[in-house]
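S.K.:
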Amino acid sequence: MHSSELPVHGESVIDAFLTKLLYTLSIFTIATLASIVVDTHPRLSTILRVVGFLGIPVVFLVTGLIELQDYQLLLVLVTGIVAIGISLHSEGYYKVIYGLTRYFQVAINLILASLILLFSSTLFAELIVYWFFIDIIVAFVAITMEYGVENLSVAATYVAMCVAPSDIALLTMWATLVGKVGLYESLLLALNKPVAEPVNLDPLLSTIVLFGFAVKLGQFPLHSWPPVVYGRAPSHISAILSGLVSKMGVYAYFTASQLFVINPVAFYFILVQGIISTIYGSFGAVLQSNIKLILAYSSVSYGGILTVLYATMMILGSALLRALMLVVVVFHALTKALAFINAGLIYQLTNTYDLSKLGHLFYVSKEACFSAFTVLLNFTGVPPSIGFVTKVLLIATSVLIARENMLGLIVAVTFTLAAVLSIIYGAKYIGAYISTLPKAPPRIIPIPDIEVKAENYLSAALLLAPVVLIAYISGFSHGYLLGAVMMPAYIATLITYIYAFTRVYSKIRIPEDVKYWLSGVES
Amino acid sequence: MTGIQLIAYSASVTLLVLSNYVDKGVYYRVLGKLVGYVLLICTVILLYQFGLVDSFSLSLGLSFTLISFLISVYTLFYREAHHYPKHLETLIDLFLVFIISAYIAPSFILMIVAWTSGEILGYVLIKLGEEHSSEGPLTSSRGFIFASTLTYEISVFTLITLSIIFTTAGIGLYELMKPFTQQLAVVAIPVIIIPLLVVGFITKTANIPLHFWLPSAHSSAPSPASATLSGLMVSLGYYGLYRVISVVDIDAYRAPISWFFVLVGFLSIMYGGFQALAQRDVKKLLAYMTIATNGFISVVFGLYVMRPLDITKWTLVIGMVMHAAYKATLFCESGLIEVVYGTRYVHGIRGFARIASLSTMGSILAILSLLGVPGTLGFIAKLLAVYNSILIVGTDSAMSVTSLLAFLAYIIISALAALKYARIYYDGASSRVKALVEKLDWGLQAPVLVLGLLNVLLCVLVVAFLTQEYGYILALITPLPIITMYLAHAQFRITSTR
Chain A
1 MHSSELPVHG ESVIDAFLTK LLYTLSIFTI ATLASIVVDT HPRLSTILRV VGFLGIPVVF
61 LVTGLIELQD YQLLLVLVTG IVAIGISLHS EGYYKVIYGL TRYFQVAINL ILASLILLFS
121 STLFAELIVY WFFIDIIVAF VAITMEYGVE NLSVAATYVA MCVAPSDIAL LTMWATLVGK
181 VGLYESLLLA LNKPVAEPVN LDPLLSTIVL FGFAVKLGQF PLHSWPPVVY GRAPSHISAI
241 LSGLVSKMGV YAYFTASQLF VINPVAFYFI LVQGIISTIY GSFGAVLQSN IKLILAYSSV
301 SYGGILTVLY ATMMILGSAL LRALMLVVVV FHALTKALAF INAGLIYQLT NTYDLSKLGH
361 LFYVSKEACF SAFTVLLNFT GVPPSIGFVT KVLLIATSVL IARENMLGLI VAVTFTLAAV
421 LSIIYGAKYI GAYISTLPKA PPRIIPIPDI EVKAENYLSA ALLLAPVVLI AYISGFSHGY
481 LLGAVMMPAY IATLITYIYA FTRVYSKIRI PEDVKYWLSG VES
Chain B
1001 MTGIQLIAYS ASVTLLVLSN YVDKGVYYRV LGKLVGYVLL ICTVILLYQF GLVDSFSLSL
1061 GLSFTLISFL ISVYTLFYRE AHHYPKHLET LIDLFLVFII SAYIAPSFIL MIVAWTSGEI
1121 LGYVLIKLGE EHSSEGPLTS SRGFIFASTL TYEISVFTLI TLSIIFTTAG IGLYELMKPF
1181 TQQLAVVAIP VIIIPLLVVG FITKTANIPL HFWLPSAHSS APSPASATLS GLMVSLGYYG
1241 LYRVISVVDI DAYRAPISWF FVLVGFLSIM YGGFQALAQR DVKKLLAYMT IATNGFISVV
1301 FGLYVMRPLD ITKWTLVIGM VMHAAYKATL FCESGLIEVV YGTRYVHGIR GFARIASLST
1361 MGSILAILSL LGVPGTLGFI AKLLAVYNSI LIVGTDSAMS VTSLLAFLAY IIISALAALK
1421 YARIYYDGAS SRVKALVEKL DWGLQAPVLV LGLLNVLLCV LVVAFLTQEY GYILALITPL
1481 PIITMYLAHA QFRITSTR
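First to last, the sequence lines map onto chains A and B.
By the numbering used here, the letter at position 500 of the first sequence is numbered 500, and the numbering carries on one by one without gaps.
Just so we're on the same page, the numbering used here is the position in the second sequence counted from 1, plus 1000.
Next up, the structure:
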């Protein structure tokens, strides 16, 4: 493949470059501006963040100034939606903790903006640059943001066990491309179009590449970093890491299989990794008593599911599995981001993540409970949630594969196990809110308005996401039947759910002042 | 050397020595040094223009002269703060000039002369630091002269002897006086000579098992001398090796030699890295990181011996410049730590960013280079290193995988060491060591800041020197390390006043 055959933008290469530069600069500038004015003009900052994270990408994508592939498009939009939620929530959180929030906003918004730019990268050079930039900012700045020097060991874990293997994978990918097409051409390689002649990758390099990206999702045998890092990083950084940064691994999976013909040995290799991690992560989550550790182990488990899906998709060459993988990506990004910022809220209210010390948060803050319920719905897979759609699809598809290939049987068993265990840890999570009644009248702690708004916004996004996905799946053969059945069911259950929650919300009263006799028996 | 270069060179050295004896104030002395080093840069460029040195020497000479100027200015303020004797400044200047001369020397003989003088000055400086400081071992200068200098002399004399015995009759020593840019005679030598020929250079680069002299020597010297020894001088070993293998016919032994360098480099990365992570003395930490980084460069050198490609040669250059830039910055910063806290045991020190705000920015950039942020020298060195090992994946997979593992180990270890070093900047409230001064003089801090900036700027310069298009791309990502530096600095400020 020579430079003339490369799928770069041809004559309009300068135009495309300038458009991309405008896109990049506007997102970075608006994100920075929003962070700088956040203490003085919070409302303007909110508007700027919505424009920067969602408005500009949507404008550029709808007008066709930037063309992306389906998985890039989906990731950009989901990142934009989640980014607004996390950014707004962190504003309220750090105002409560520190009074001023500007510095934290600069760091968080820069990471979020870089993520959006990474997922919308049209050139290979962009992928490399943003990849390294995000990893370093997360390791060197974000993880130590709230706890200072005591979190440096966490940063060290992140660098040694996650950043380095995935860096090697990315560099291997890049170096192989350089060997085939040349240094300059490899950097200008277009990522937003399928490559005409993918490069053959030998078994060794294929395994190095996919292994490195699997590590980003916390896969066995380097599965021990997510509990440490997600567990001890500031909650909003955990939300970004688990919800969005781990999706860089998925993005790189897709990019790798687009640029290279990967040797099948590597798929079987990561399939085994994925199956072990799914089972390990699910069991690990069930056994924890720390909210953030539950979520971290659950991330390992869902990373495993994504890896298994990717491996089976590539082995079987199935388009349905690809669509399913994107559904899981959306589900996991939204759910984990919401769950982690909700965990941050729990810490803000109670100063602990320990489930054994929590139990009646519902009576302390009803607002926080709504999003926790949404998370529960999605973990356990109650209809109409996207968690339900995901679980149904996962199990149904793996059974479908099992009819043709023995592989499907193992996959089906793994997914079923993960689905069952996620109900248990979902229940443990909501236990922080409703497992006990308060012994004394609880002190009601006000939450900043912006945090409630951010959580409700992300909850709404989670509840509405199935509509988009059902519409998307209906495009597949026989999918419209599924869509026709699911859409009314979805609407009906959504209404029921909201009605039920509001009834419960209004019925439950905070107990009166409990009077004790001297013997300790209630009067 | 022809007349004009000789004049520029002599003028530069004279000016540098004299500038230390100007009594009019510190700015005049800085000015004198500036002119002196600019003249040195002119010498390098003239040598290149007249075809006396090649681009390898040119790139190293230019970037190291820039670093040297800053170390020299730093010495002016450092000497006063630490009450070193007056002649420290002159010693450091001469030391720097001799080392740069070794890099830009047009022929073997001149290189050997400059290098040997540098060795002697290095010994004097280590001795000076050893006697001046109350911390650190007392046998370091002895270790330096016996281990490093002695083995270097063995190799050099082997080289000289070789040139007399094995070159074609009638040429003899003249071969060692010919410029490197001319076609030198390649001599075939018996295998027994090769260890003798390379041992000195391996000791100089402190690879295992000849590493033992380095940690004490580099940590005992005064900080500017440490920066020079560690940043500029150890790389001379690779430079010497590069020159030697260009005149010795090693085609028959390429595979064993390159395997030797890769394995020794791998061992040095692991040993140096783990030792660095266990140190409490900041200068010891940096000294052990020198061993690890030299292990990294050794692996690259092994790949170069295997397949002497152009890109591998430039990876070698960038590796050496990366090491010089970050090591000079951090060693100069360690001198400031000694000024502020009176000790270099940093495990109890926190909140240094509040006292030395300006120099912190510089060292953050060095730390980022060590972490490998895009836009710094560290990133480009690691990137090219991995590229080199992927290049041979088809021809020699075993070496490809070994070197890849070594680079992975180096990436991890350098990042961990960077994070360990960064501890001193966080969280001022929990500092267990009391600062002796509230604010540090900006004159001490400014050279460190500029040295830190070189980690970013030299990246663009060196790469633009290689390929212009690539230089443009790098210039575009230069803001990234600066943004990261701003964020980290702001965070240090927030946490150190809390």
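Ideal Cβ positions, reconstructed from N, Cα and C, are used throughout, including at glycine.
Note down, in chain order, each residue of its chain lying with its Cβ closer than 7 Å to the Cβ of TYR1152/B, except the 5 sequence neighbours on either side.
M.R.: Against the second sequence, residue 1152/B aligns to sequence position 152. Excluding positions up to five away in sequence, the list reads GLU1119, GLY1200, THR1203, LYS1204.
S.K.: Look at the alpha carbon of SER1369/B and the alpha carbon of THR374/A, and state the distance between them as a whole number of angstroms.
M.R.: Taking the first residue of the second sequence as position 1, residue 1369/B is located at position 369. Taking the first residue of the first sequence as position 1, residue 374/A is located at position 374. So the two alpha carbons sit approximately 44 Å from each other.
S.K.: Where VAL420/A and LEU1210/B are concerned, what is the direct C-alpha to C-alpha distance, given to the nearest angstrom?
M.R.: Position 420 of the first sequence, counted from the start, is the residue given in the question as residue 420/A. Position 210 of the second sequence, counted from the start, is the residue given in the question as residue 1210/B. Approximately 59 Å, taken between the alpha carbons.
S.K.: Would DSSP call ALA1169/B helix, strand or coil?
M.R.: Taking the second sequence and counting its residues from 1, the one referred to as residue 1169/B is at position 169. With a pLDDT of 49 at ALA1169/B, under the threshold of 50, the modelled position of that residue is not reliable, and no figure is offered here.
S.K.: Which of the residues in the region 106-124 of chain A, read from start to end, lie with their CB under 8 Å from any CB of chain B?
M.R.: Going along the region 106-124 of chain A in chain order, one finds VAL106, ALA107, LEU110 with a Cβ nearer than 8 Å to chain B.
S.K.: With burial defined as no fewer than 16 other Cβ atoms inside 10 Å of the residue's Cβ, what is the status of SER385/A: buried or exposed?
M.R.: For the purposes of this step, residue 385/A is taken as residue 385 along the first sequence, with counting starting at 1. Its Cβ being crowded by 16 or more others within 10 Å, SER385/A is buried.
S.K.: Distance check for LEU1405/B and VAL1053/B, CA to CA, integer angstroms please.
M.R.: Counting from 1 along the second sequence, the entry for residue 1053/B is found at position 53. Counting from 1 along the second sequence, the entry for residue 1405/B is found at position 405. Distance between the alpha carbons of VAL1053/B and LEU1405/B: 35 Å.
S.K.: For ALA1169/B, does the count of other Cβ atoms within 10 angstroms reach 16, so buried, or fall short, so exposed?
M.R.: Position 169 of the second sequence holds residue 1169/B. Any reading at ALA1169/B must be qualified, since the residue scores a pLDDT of 49, below 50, and its modelled position is unreliable; no value is offered.
S.K.: How about PRO203/A and ASN109/A: are their beta carbons less than 8 Å apart?
M.R.: As a first step, residue 203/A is located in the first sequence; it is residue number 203 there, counting from the start. As a first step, residue 109/A is located in the first sequence; it is residue number 109 there, counting from the start. No, the pair does not count as a contact, with Cβ atoms beyond the cut-off.
S.K.: Run through DSSP, which three-state label would LEU1006/B get?
M.R.: In the second sequence, counting from the first residue as 1, residue 1006/B sits at position 6. Looking at LEU1006/B - three-state DSSP - the assignment turns out to be helix.
S.K.: Determine the direct distance from the alpha carbon of LEU117/A to that of MET173/A, and round the result to whole angstroms.
M.R.: To locate residue 173/A, count along the first sequence from 1; it is residue 173. To locate residue 117/A, count along the first sequence from 1; it is residue 117. Whole-angstrom Cα-Cα distance: 20 Å.
S.K.: Tell me whether HIS2/A sits in a helix, a strand or coil according to DSSP, three-state version.
M.R.: For the purposes of this step, residue 2/A is identified with residue 2 of the first sequence, where counting begins at 1. Model confidence at HIS2/A stands at a pLDDT of 43, short of 50, so the residue's coordinates are unreliable; what they give is reported in the following sentence. Coil.
S.K.: Name the two residues that bound the continuous alpha helix (DSSP H) containing ASN1388/B.
M.R.: For this step, residue 1388/B is matched to residue 388 along the second sequence. From DSSP, the alpha helix (DSSP H) with ASN1388/B extends over 1377-1391.
S.K.: Please classify ALA319/A as buried or exposed, where buried requires at least 16 other C-beta atoms within 10 Å of its C-beta.
M.R.: Here residue 319/A refers to the residue found at position 319 when the first sequence is read from its first residue. Exposed.
S.K.: According to DSSP, is ALA1188/B part of a helix, a strand, or is it coil?
M.R.: As a position in the second sequence, residue 1188/B is number 188, starting the count at 1. Strand, per DSSP.
S.K.: Please identify, using Cβ separations under 8 Å, the residues of the region 128-148 of chain A that lie next to chain B, in order along the chain.
M.R.: Within the region 128-148 of chain A, the residues whose Cβ lies closer than 8 Å to some Cβ of chain B are ILE128, VAL129, PHE132, PHE133, ILE136, ILE137, ALA139, PHE140, VAL141, THR144, MET145, GLY148, listed in chain order.
S.K.: Return the CA-CA distance between HIS9/A and ALA190/A, expressed in angstroms with no decimal places.
M.R.: For the purposes of this step, residue 9/A is taken as residue 9 along the first sequence, with counting starting at 1. For the purposes of this step, residue 190/A is taken as residue 190 along the first sequence, with counting starting at 1. Annotation note: pLDDT 46 at HIS9/A (below 50); position unreliable, coordinate value reported separately. Taking the straight line from one Cα to the other gives about 8 Å.
S.K.: Taking Cβ-Cβ distances shorter than 8 Å, what residues in chain A pair up with TYR1387/B?
M.R.: If you number the second sequence from 1, residue 1387/B lands on position 387. Under the 8 Å cutoff, chain A gives LEU171, TRP174, ALA175, VAL178.
S.K.: Would you kindly work out how many angstroms separate the C-alpha atoms of LYS180/A and VAL199/A, rounded to a whole number?
M.R.: Numbered from its first residue, the first sequence carries residue 180/A at position 180. Numbered from its first residue, the first sequence carries residue 199/A at position 199. When rounded, the distance between both Cα atoms is 8 Å.
S.K.: Below 8 Å, can you find three or more Cβ-Cβ pairs linking the region 1223-1230 of chain B to the region 1325-1342 of chain B?
M.R.: As far as the Cβ criterion goes, the region 1223-1230 of chain B touches the region 1325-1342 of chain B, which means the pair count is three or higher.
S.K.: Let me know if GLU1438/B comes out buried or exposed under the rule of 16 or more other beta-carbons within 10 Å of its beta-carbon.
M.R.: If you number the second sequence from 1, residue 1438/B lands on position 438. The residue is exposed, with fewer than 16 neighbouring Cβ atoms inside 10 Å.
S.K.: With distance defined between alpha-carbon atoms, name the residue in PHE28/A, ILE276/A, HIS89/A nearest to TYR130/A.
M.R.: Walking along the first sequence from the start, residue 130/A turns up at place 130. Selected option, being the one with the closest Cα: PHE28/A.
S.K.: Can you tell which of TYR425/A, LEU222/A, ILE291/A, LEU324/A has the C-alpha that lies nearest to the C-alpha of ILE276/A?
M.R.: Within the first sequence, the letter at position 276 stands for residue 276/A. When only C-alpha atoms are compared, the closest one is LEU222/A.
S.K.: For the 8 Å Cβ check, are there 3 or more pairs between the region 317-335 of chain A and the region 216-233 of chain A?
M.R.: As far as the Cβ criterion goes, the region 317-335 of chain A does not touch the region 216-233 of chain A, which means the pair count is below three.
S.K.: Counting only beta-carbon atoms, is ARG1307/B nearer than 8 Å to chain A?
M.R.: On the second sequence, residue 1307/B is found 307 positions in, with the first residue counted as 1. It does not: the Cβ of ARG1307/B has no partner Cβ on chain A nearer than 8 Å.
S.K.: Using beta-carbon positions only, say whether ILE168/A and ILE137/A come within less than 8 Å of one another.
M.R.: Residue numbering aside, residue 168/A sits at position 168 when the first sequence is read from its first letter. Residue numbering aside, residue 137/A sits at position 137 when the first sequence is read from its first letter. Their beta carbons are not under 8 Å apart, which means ILE168/A does not touch ILE137/A by this criterion.
S.K.: Distance check for LEU338/A and TYR147/A, CA to CA, integer angstroms please.
M.R.: For the purposes of this step, residue 147/A is taken as the residue at position 147 of the first sequence. For the purposes of this step, residue 338/A is taken as the residue at position 338 of the first sequence. Their backbone Cα atoms lie some 22 Å apart in a straight line.
S.K.: Which residue wins for smallest C-alpha separation from ALA311/A, given the options LEU271/A, SER301/A, ALA343/A, VAL327/A?
M.R.: Translated into the one-based positions of the first sequence, residue 311/A becomes position 311. Comparing Cα-Cα distances from ALA311/A to each of LEU271/A, SER301/A, ALA343/A, VAL327/A, the minimum goes to LEU271/A.
S.K.: Can you list, in chain order, the residues of its chain whose CB lies under 7 Å from that of PHE104/A, leaving out five sequence neighbours each side?
M.R.: Mapped onto the first sequence, residue 104/A falls at position 104. Only SER90, TYR94, MET145 meet the Cβ criterion.
S.K.: Since I believe ILE305/A is in contact with ALA418/A (beta carbons under 8 Å), could you give me their beta-carbon distance rounded to a whole number of angstroms?
M.R.: Stepping through the first sequence from its first residue, residue 418/A is reached at position 418. Stepping through the first sequence from its first residue, residue 305/A is reached at position 305. Indeed they touch by this definition, with Cβ atoms about 6 Å apart.
S.K.: Would you say VAL327/A and LEU469/A are within 8 Å of each other, going by their C-beta atoms?
M.R.: In the first sequence, counting from the first residue as 1, residue 327/A sits at position 327. In the first sequence, counting from the first residue as 1, residue 469/A sits at position 469. Yes; because the gap between Cβ atoms is below 8 Å, this pair is in contact.
S.K.: Closer than 8 Å, CB to CB, is ILE168/A near chain B or not?
M.R.: Locating residue 168/A in the first sequence gives position 168, where the first residue counts as 1. Judged by the 8 Å Cβ criterion, ILE168/A is in contact with chain B.
S.K.: Find the nearest neighbour of THR1116/B within the set GLY1443/B, LEU1444/B, LEU1096/B, judged by alpha-carbon distance.
M.R.: Locating residue 1116/B in the second sequence gives position 116, counting from the first residue. For the residues GLY1443/B, LEU1444/B, LEU1096/B, the minimum Cα distance to THR1116/B belongs to LEU1096/B.
S.K.: From TYR253/A to LEU210/A, what does the alpha carbon distance come to, in whole angstroms?
M.R.: Walking along the first sequence from the start, residue 253/A turns up at place 253. Walking along the first sequence from the start, residue 210/A turns up at place 210. Rounded to the nearest angstrom, the two C-alpha atoms are 7 Å apart.
S.K.: Cβ of LEU191/A less than 8 Å from any chain B Cβ?
M.R.: Residue numbering aside, residue 191/A sits at position 191 when the first sequence is read from its first letter. LEU191/A does not count as touching chain B.
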